[in-house]
Amino acid sequence: MPQQDSAADSTVLKAGRQRCWQVKNLYFDCLEGHSDVGKATAACKSKRQAFVEGCPASWVKHFDALSERKRQSLQSLHANINRSAAAAKDRRDRDRGRPSSRREEPKRPRDDSVERGDGKRRKKASREDSEEAPGMKPVEVDFDADISAEEMQMMQAMGIPFLFDTTQGKHVEDETANAGAVKAKQTRQARQYMNRRGGFNRPLPLERTGEKQEGN
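Last residue of the sequence shown: 216 in UniProt numbering, with the numbers rising by one and none dropped.
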């Protein structure tokens, strides 16, 4: 008899526990179906009553505490998500309002083949310039040509070599062949530019540098 009573009590306890879990699940599922706490309390009032009547008071208190912590965690999670979304929207609005000139353009990838080609062209051009410079033909300038010191310096600064013309290898008339004839020599105008008192590039008065004419 005692064993039969113990088995009967165990069966009743097991059935009561199953009944408690059923009404508990029905009540909390009803709460999760409503986002507003006030509406959930009114809609799930009957299920709440069945949960309180079908479960021990300690179990009801324990399940209520678990449900409250879960609700607070969900609220905190939703608040964090909303703050992150609002911050992202503010950043997009600020970026959209900035002038386009401030936005950095994406850097183009370097093309090594183009850089090598540019380097070869620069080397070729410099080599051609160096080859042409030594082979520049000097400009022959007559000794009596009217070239000022400024023009001569300008030619030197530009890298234009020049030579004074000479009579070497050229036919020159013999001045003694007609010694008895009257010769009229042209006067030569002389200017002195360097090493004179009075300053650089100050011309002298015109001078006659020819010999005395014969017959006078």
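We treat Cβ as the ideally placed atom computed from N, Cα and C, and that holds for glycine.
Item                                                                                                                                                 : Value
Specify, as a first and last residue, the run of the alpha helix (DSSP H) that H62 falls within.                                                     : A57 to G97
Can you tell me whether G16 is buried or exposed? The criterion is at least 16 other CB atoms within 10 Å of its CB, across all chains shown.        : exposed
What did DSSP end up calling residue 226 once you bin it into helix, strand or coil?                                                                 : Coverage of the chain is limited to positions 1 through 216, which leaves residue 226 absent and any answer about it impossible.
Between R19 and G54, is the Cβ-Cβ spacing less than 9 Å?                                                                                             : yes
Quick check on the DSSP output: the alpha helix (DSSP H) that includes M154 runs from which residue to which?                                        : A149 to A157
What are the complete alpha helix (DSSP H) segments, minimum 4 residues, inside the region 9-44?                                                     : 37-43
Run the CB neighbour count on K14, radius 10 Å, all protein chains shown included, and call it buried at 16 or more, exposed below.                  : exposed
Report buried or exposed for R69, applying the criterion of at least 16 other Cβ atoms within 10 angstroms of its Cβ.                                : exposed
Would you decide whether K61 is buried or exposed? Buried here means 16 or more other CB atoms lie within 10 Å of its CB.                            : exposed
Give me the residue from Q156, K89 and Q75 with the minimum Cα distance to D36.                                                                      : Q75
Between the alpha carbons of K24 and H78, how many angstroms are there, rounded?                                                                     : 26 Å
Using 10 angstroms around the beta-carbon of R48, count the other beta-carbons present and answer buried if the total reaches 16, otherwise exposed. : buried
Alpha carbons only, please: which of S148, D64 and G33 is nearest the one belonging to F51?                                                          : D64
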